[in-house]
Amino acid sequence: MMGSDLGILEEALTKLNVGFAKLPAFSQDIDLENLRKVMLETATAMHNNYPYHHPNYFGQMLKPPHPIARLAYMLSLYINPNNHAIDGGRASSAMEKECIQKIGVMFGWEQPLGHLCSGGTMANLEALWVSHQRRDGIIVASEQAHYTHRRICGVLKIPFKAIGSNNVGCMDVERLKIVLEKEKVSTVVVTMGTTALGSVDPLIGILELQQQYGFLIHADCAYGGYFTLADNLELNIDRQFQQLQQVDSIVIDPHKHGLQPYGCGCVLFKDPRVGKYYKHDSPYTYFSSESLHLGEISLECSRPGSAAVALWATMKMLPLVRGGDFSKMLSKNISTAIRWHQFIENAPHFVAGPKPSLDIVVWAFEAESAQEASVLAQAFFKYAEQQHLYLALVKLPTVLFPKYADSEVITCLRTCFMKPEHEKNLDQLIDQFNKVVDDFLSNQN
Ligand SMILES: Cc1ncc(COP(=O)(O)O)c(C=O)c1O
């Protein structure tokens with residue numbers, strides 16, 4: 025049952041009110057009867073959703089916020105701080121700075137410059153905007169990098185090139201080297217957890233090339249960043265994550281694996297001196313304090329202080345430490361994905377994609393051709409949804425599925441095991457899935 029924790033919100037609100045008890049009493053005119061009516065209508069309108077909060081939803085990257093994040097966000101909405109400036113969000117700006125410092129420490133940076141923002145796209149935009157001011161040249165990212173990088177470069181009018189990826193969806197270092205020989209590359213974007221596959225680019229090899237070619241490295245850890253805390257990454261993947269300290273900027277999305285509601289991305293820079301690129305005049309803000317206002321180091325102006333409050337509270341309850349409860353959740357995500365991958369490998373009607381590095385699994389239907397397998401995947405996706413199993417589709421290069429060399433791309437099924445509940449529900453999901461597959465295939469014949 026959703027919402028069983030609301031009593032705690034009421035208690036916390038009473039405590040919040042204590043802080044403002046010296047102000048004259050005031051009341052808001054609210055038509056409670058109408059409020060109730062519209063709220064119930066709103067709940068009904070929200071039925072038209074996939075059940076993102078339920079373990080039967082394991083399609084796209086969607087993870088429900090932790091109850092502490094949800095409650096802290098709702099609590100802070102009664103103040104509704106704006107973290108653009110300390111003028112608008114005193115407590116929440118301090119909370120944001122504390123979160124940034126702790127996320128930095130997770131990657132091995134004691135004093136990074138950074139801030140929260142609306143999401144991975146905005147965070148990557150700022151990182152590429154800064155790196156372009158630091159160095160001239162093109163920006164490159166792997167074919168499997170999020171499409172946002174190409175689009176951002178379009179917006180910023182920076183030349184962009186995609187580097188081919190290998191048969192497990194990681195940037196091909198040899199192909200990167202060829203481009204570095206021919207072009208002036210300012211920044212290499214490494215993706216630590218790609219959107220389609222959760223594959224992790226070979227940061228160690230890219231750092232070696234950096235010695236020779238002297239580019240900046242930006243790590244898009246929007247999806248995968250928190251996995252740096254997991255204790256069951258494959259050794260080679262773990263080694264790549266442990267090198268993140270060496271890169272110039274990092275993006276991580278607390279609204280993906282950090283248990284936050286949407287509207288919570290984060291960008292970090294190793295060298296705080298890059299703050300100079302953000303310098304701007306502001307005739308209306310920054311009056312209330314000599315300390316750094318977050319708007320002085322971010323491109324967005326008004327921003328929800330509530331996002332910082334929710335993240336701060338979550339990190340109090342679930343600190344970013346290896347071996348802690350938060351890191352154990354991530355380790356479970358990985359082991360659940362590996363179990364699902366093994367199940368698919370042994371299932372008669374499917375061709376498994378690469379072994380998952382994180383918690384995303386892709387697989388294709390067994391068929392005569394890529395075209396036929398793609399049609400089956402699309403039909404199965406729709407059929408499974410009708411049976412309350414919610415998966416996702418992804419178009420991938422067939423280099424990941426050598427059996428299907430008859431085409432360049434194939435449409436596959438994709439699942440993200442992001443929820444802590446997925447582990448204990450996996451056997452039940454497998455049983456349900458097997459039944460849905462049997463029914464689907466018998467309908468096909
Ligand atoms: C690796 C990666 N980078 C960037 C993004 C874009 O982030 P957002 O959707 O928060 O803007 C995503 C989203 O899935 C992602 O997976």
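So the sequence shown is numbered by our numbering: it starts at 25 and just counts up by one. Backbone N, C-alpha and C fix where the C-beta goes; we use that ideal spot for every residue, glycine too. This one's a predicted model, so the numbers in the text were calculated from it and none came from an experiment.
Taking 9 Å as the cut-off, decide whether the C-beta atoms of isoleucine 163 and threonine 219 are in contact.
-> Walking along the sequence shown from the start, residue 163 turns up at place 139. Walking along the sequence shown from the start, residue 219 turns up at place 195. No, Cβ-Cβ distance for isoleucine 163 and threonine 219 is not below 9 Å.
Under 9 Å between the Cβ atoms of leucine 86 and tyrosine 76?
-> Here residue 86 corresponds to residue number 62 of the sequence shown, with the count starting at 1. Here residue 76 corresponds to residue number 52 of the sequence shown, with the count starting at 1. In this structure, the beta-carbon distance from leucine 86 to tyrosine 76 falls below 9 Å.
What do you get for glutamine 366, buried or exposed, if any count of 16 or more other CB atoms within 10 angstroms of its CB means buried?
-> Mapped onto the sequence shown, residue 366 falls at position 342. Exposed, since its Cβ has fewer than 16 Cβ neighbours within 10 Å.
Kindly confirm or deny that the segment 246-262 and the segment 185-201 touch, where touching means at least three C-beta pairs closer than 8 Å.
-> No, the segment 246-262 is not in contact with the segment 185-201.
Determine the closest residue to glycine 188 out of Lys181, Ala151 and Pro226, with distance taken between C-alpha atoms.
-> Start at 1 with the first residue of the sequence shown, and residue 188 comes out as number 164. Closest by alpha carbon: Pro226.
By how many angstroms is the C-alpha of asparagine 260 removed from the C-alpha of glycine 138?
-> Your numbering for residue 138 matches position 114 in the sequence shown. Your numbering for residue 260 matches position 236 in the sequence shown. Approximately 29 Å, taken between the alpha carbons.
Could you round the C-beta distance between alanine 186 and glutamate 167 to whole angstroms and report it? I think they count as a contact, below 8 Å.
-> Along the sequence shown, read from residue 1 onward, the residue named residue 186 stands at position 162. Along the sequence shown, read from residue 1 onward, the residue named residue 167 stands at position 143. Yes, they are in contact, since the Cβ atoms of alanine 186 and glutamate 167 sit about 5 Å apart, within 8 Å.
Determine the burial state of valine 179: buried for a count of at least 16 other Cβ atoms within 10 Å of its Cβ, exposed for fewer.
-> If you number the sequence shown from 1, residue 179 lands on position 155. Taking a 10 Å sphere around the C-beta of valine 179, we find fewer than 16 other C-beta atoms and assign the residue as exposed.
Let me know the alpha helix (DSSP H) ranges lying completely inside the segment 316-397, each 4 residues or longer, listed in chain order.
-> Whole alpha helix (DSSP H) segments, 4+ residues: 329-341 and 349-370.
Between which two residues does the beta strand (DSSP E) carrying leucine 257 extend?
-> By 1-based counting over the sequence shown, the position of residue 257 is 233. For leucine 257, no beta strand (DSSP E) segment is defined, and its DSSP state is neither H nor E.
With a threshold of 8 Å, establish whether the CB of glutamine 280 neighbours any heavy atom of ligand 1.
-> Here the question's residue 280 lines up with position 256 in the sequence shown. Correcting the residue identity first, residue 280 is lysine in this sequence and not glutamine. Remark: the C-beta of lysine 280 is in contact range of ligand 1, defined as less than 8 Å to any heavy atom.
Going by DSSP, what residues sit across from cysteine 245 in a beta bridge?
-> Within the sequence shown, residue 245 is the residue found at index 221, counting from 1. Answer is Ile276, bridged to cysteine 245.
Could you work out which residue in Ser431, Leu152 and Gly229 is closest to cysteine 177 when comparing CA atoms only?
-> Counted from its first residue, the sequence shown places residue 177 at position 153. It is Leu152.
Inspect the CB distances between the segment 431-440 and the segment 411-422 and report whether three or more fall short of 8 Å.
-> The way I'd put it, the segment 431-440 does touch the segment 411-422; three or more beta-carbon pairs between them come closer than 8 Å.
Got a sec, what are the start and stop residues for the beta strand (DSSP E) cysteine 123 sits in?
-> By 1-based counting over the sequence shown, the position of residue 123 is 99. No beta strand (DSSP E) contains cysteine 123, which is instead part of the alpha helix (DSSP H) from 114-130.
Of all the options Glu35, Glu57, Lys121 and Tyr102, which has the alpha carbon lying nearest to the alpha carbon of glutamate 320?
-> Taking the first residue of the sequence shown as 1, we reach residue 320 at position 296. Ranking Glu35, Glu57, Lys121 and Tyr102 by Cα distance to glutamate 320 puts Lys121 first.
Over what stretch of residues does the alpha helix (DSSP H) that includes alanine 147 continue unbroken?
-> By one-based count along the sequence shown, residue 147 stands at place 123. Segment 144-158, the alpha helix (DSSP H) holding alanine 147.
Take lysine 208 and list the residues in its own chain whose beta-carbon comes closer than 6 Å to its own, dropping the five residues that flank it on each side.
-> Here residue 208 refers to the residue found at position 184 when the sequence shown is read from its first residue. Result list for lysine 208: Gly161, in chain order.
Per DSSP, cross-strand counterpart(s) of asparagine 106 = If you number the sequence shown from 1, residue 106 lands on position 82. According to DSSP, asparagine 106 bridges with Pro328.
Quick one: what does DSSP say cysteine 194 is sitting in, helix, strand or coil?
-> What you label residue 194 is simply residue 170 of the sequence shown in a count that begins at 1. Of the three classes helix, strand and coil, the one that applies to cysteine 194 here is coil, per DSSP.
For lysine 280, count neighbouring C-beta atoms within 10 Å of its own C-beta (all shown protein chains included) and say buried if the count is 16 or more, exposed if not.
-> Here residue 280 is taken as the residue at index 256 of the sequence shown, counted from 1. Buried, since its Cβ has 16 or more Cβ neighbours within 10 Å.
DSSP bridge partner residues for phenylalanine 419 (one or two, in chain order) | For the purposes of this step, residue 419 is taken as the residue at position 395 of the sequence shown. Per the sequence shown, residue 419 should be read as lysine rather than phenylalanine. Residue pairing by DSSP places lysine 419 opposite Thr435 in a beta bridge.
Identity of the residues DSSP links to cysteine 440 by a beta bridge = Within the sequence shown, numbered from 1, the residue matching residue 440 stands at position 416. DSSP, once it has assigned bridges, lists Ile384 as partnering cysteine 440.
Would you check whether ligand 1 has a heavy atom nearer than 8 Å to the C-beta of methionine 195?
-> Here residue 195 refers to the residue found at position 171 of the sequence shown. Outside the cutoff, so no.
Does the beta-carbon of arginine 94 have 16 or more other beta-carbons within 10 angstroms, so that it is buried, or is it exposed?
-> Your numbering for residue 94 matches position 70 in the sequence shown. Burial check for arginine 94: the Cβ neighbour count within 10 Å reaches 16 or more, so the residue is buried.
Isoleucine 454 - containing alpha helix (DSSP H), residue span | In the sequence shown, residue 454 corresponds to position 430, counting from 1. First-last of the alpha helix (DSSP H) with isoleucine 454: 446-468.
Candidates Pro183, Arg175, Leu268 and Ile202: which alpha carbon is nearest valine 214's?
-> Position 190 of the sequence shown, counted from the first residue, corresponds to residue 214. Nearest of Pro183, Arg175, Leu268 and Ile202 to valine 214, Cα basis: Leu268.
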